[in-house]
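Quick note, the sequences are listed as chains A and B, same order.
Under my numbering, the first residue of the first sequence carries the number 4, and numbering increases by one thereafter.
Under my numbering, the first residue of the second sequence carries the number 4, and numbering increases by one thereafter.
First comes the structure, then the notes that go with it.
2 protein chains.
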Amino acid sequence: MPDFPKKTLVADAYSRLKSDIRENRLPPGFQAPEPELATRLGISRTPVREALIRLQADGLIRLIPRHGALVVALSPSDVQSLYDILSALEPQAGVTLAEAAPTPTALAPLYETLDAMTRALEAKDLSAWLAADDSFHQQVIALQGNDRLHGMLDPLLDQLHRVLMTTLAHREQLARATEDHRTLLHILATGDSNGARRELRQHRRRESREVLEIIEAQGLTAL
Amino acid sequence: MPDFPKKTLVADAYSRLKSDIRENRLPPGFQAPEPELATRLGISRTPVREALIRLQADGLIRLIPRHGALVVALSPSDVQSLYDILSALEPQAGVTLAEAAPTPTALAPLYETLDAMTRALEAKDLSAWLAADDSFHQQVIALQGNDRLHGMLDPLLDQLHRVLMTTLAHREQLARATEDHRTLLHILATGDSNGARRELRQHRRRESREVLEIIEAQGLTAL
DNA sequence: AAAAAGAATTACGTATGCATTGTAGCGGAC
DNA sequence: GTCCGCTACAATGCATACGTAATTCTTTTT
């Protein structure tokens, strides 16, 4: 339940639309012209347009002239592409973080998030688990020092979020995935950058395999 | 000398500004408020603003409230970060391309570009060499099938362009760099995706080492 | 009834207006 | 001469206005 600071109307519109898309309130395939979104948000077209441009850059929507903003639906091959990129990029984030030799204090929030995952798993609270999982990766890429890398990874996680939401119920390796995080934390604590790279790569590879299988098994064609 | 289609004013403004930045006509550190840019481009603020938002997403400028658009200067560590990302991402582009088992016909333009590099090298025409080098990588990421990956790599190459321009004269391994491209093409032709990944990774790693050394040797602190 | 032609609507791209708010320049105090 | 405060200016964020072009709806024709 994020709250929406109204520093500027475009920032506000951006966050709200992004959140609506992430949480499937604006589902893939949803389409609306600028004036409608403006009305819906209670602001004029100008800030809406600017927010939409940013969302398009994030890959969350497509601006189709005369047809408004379209919430992009991911095909299975889109998901594959996404994972290909993520599997290349996120390990590098792990490297950067490990190289920074993070102190236990710096990693504390991550351990806390890991605990949350574990608890959610025991309680079989899937959405809590996903929230923690998301937060974990979010924190990793934020803590790591390469801002550009952070800026590139962040939208990828956003794009993936819906996919993870809709496949979540069918995943059978959540325990393993959770353990991956623990392993990663231990590796990070030792500053082993190569280990961090490998662990993160394998983690995402396993996840992609699992998720893509579910997508196929369930015959999901757009998500 | 690219020409500027005027399909829409924001697209036009975007291309022109991007080109101006790439070619150092708007050098790093240059700063101008929206109204000035609007006047300079002979259009109103609205399309300028939208173009600036995109350029900021590309990492080429920073929008600083009340101070206008600032052409970002890259510090040595920025260059390092850039290369870290590029070394993770571009090899993946090579993988995707190799996996597509490109036909000789598909690779023909690349061979042509390679010839251009070779000729430029022999003629010691540095800027022609760089143009060809740039074009080569541009083509690789465009030919490869992952559109998202293309969309992410493209801005990185733009950011790097100025760095390559300013360090070009001091580079001593241009022949080696040129040969790397030839090697890559042969690998691509055989569909060896792992080979493509390795070659591209090493190519960028060598380049980064060379470039960063020059940056240090020359005491370049912002470029 | 399907197709074609025309009219009405609407979305977009761009320009402009306006209030807000930060910044720089200027003058005075110490 | 430097520091502080005040005033004038300027850039921004947003709203609104408007012409153009495309889509949709209507109507007519065959």
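Ideal placement from N, C-alpha and C gives every residue a C-beta, glycine not left out.
Remember, predicted model here, so these are calculated numbers, not experimental data.
Sequence-distant Cβ neighbours of A:A60 in its own chain, meaning closer than 7 Å and more than five residues away, do not exist here. Where A:V74 is concerned, the enclosing beta strand (DSSP E) starts and stops at G71 to V74.
Beta-bridge partners of B:L66 (DSSP): B:A72. Looking at the backbone, the Cα of A:A220 and that of A:A180 are separated by about 20 Å. For B:A178, the enclosing alpha helix (DSSP H) begins and ends at L177 to T193.
Counting only the Cα atoms, A:L100 lies some 7 Å from A:L146. DSSP, reduced to helix, strand and coil, places A:Q34 within a strand of the structure shown. Contact residues of the region 150-173 of chain A toward chain B are R151, L152 and M155 (C-beta to C-beta distance below 7 Å). Sequence-distant Cβ neighbours of A:S196 in its own chain, meaning closer than 7 Å and more than five residues away, are V98, A101 and E102. For A:F33, same chain residues with a beta-carbon under 8 Å away, outside a window of 5 residues either side, are L73 and V74 in chain order. DSSP places B:P79 within a helical segment (H, G or I) once states are collapsed to three. In terms of beta-carbon proximity, B:V51 stays away from the interface with chain A, with every pair separated by 9 Å or more. Interface criterion not met: the Cβ of A:P36 is under 9 Å from no Cβ in chain B.
Beyond the five residues adjoining it in sequence on each side, A:E202 comes within less than 6 Å, by CB distance, of T186, L187 and I190 in the same chain, given in chain order.
In this structure A:Q176 does not touch A:R122 by the C-beta definition: roughly 18 Å separates them, more than the 8 Å allowed. In summary, A:E26 is exposed, with fewer than 16 beta-carbon neighbours lying within 10 Å of its beta-carbon over all protein chains present. Under the DSSP assignment, A:N197 falls in the alpha helix (DSSP H) whose first and last residues are S196 to A220. The alpha helix (DSSP H) runs lying completely inside the region 107-137 of chain A and spanning 4 residues or more are 107-125, given in chain order. The straight-line gap separating the alpha-carbon atoms of B:Q141 and B:D157 is approximately 7 Å.
Within the model, the alpha-carbon separation for A:L152 versus A:A96 is close to 7 Å. With a 10 Å radius around the Cβ and a threshold of 16 neighbouring Cβ atoms, A:A178 comes out exposed. When only Cα atoms are considered, A:L77 and A:A225 end up about 5 Å apart. Chain-order list of chain A residues neighbouring B:R57: I56 and A60, by C-beta distance under 8 Å.
At a beta-carbon threshold of 8 Å, the residues of chain A lying near B:T99 are D87, ordered along the chain. Straight-line spacing of the CA atoms in A:M120 and A:V13 works out to 33 Å.
DSSP, read as helix, strand or coil, puts A:G45 in coil. Only buried fits B:A54, as 16 or more other CB atoms lie within 10 angstroms of its CB.
For B:A91, at least one C-beta of chain A is nearer than 9 Å to its own C-beta. Counted as a single uninterrupted DSSP element, the alpha helix (DSSP H) harbouring B:H164 occupies residues D150 to T170. Counting every other CB atom within 10 Å of its CB across the protein chains shown gives B:E93 a total of 16 or more, marking it as buried. Closest by C-alpha distance to A:H173, out of A:I217, A:P79 and A:P50, is A:I217.
Non-local C-beta neighbours of B:G198 in its own chain, meaning closer than 7 Å and more than five positions away in sequence, comprise I190, ordered along the chain.
If you look at A:D15, you'll find it in the alpha helix (DSSP H) that goes L12 to R25. Excluding residues up to 5 positions away in sequence, P105, P107 and L110 lie with their Cβ nearer than 8 Å to the Cβ of A:A192 in the same chain. At a C-beta separation below 9 Å, A:Q95 has these neighbours in chain B: D87, I88, S90, A91 and L92.
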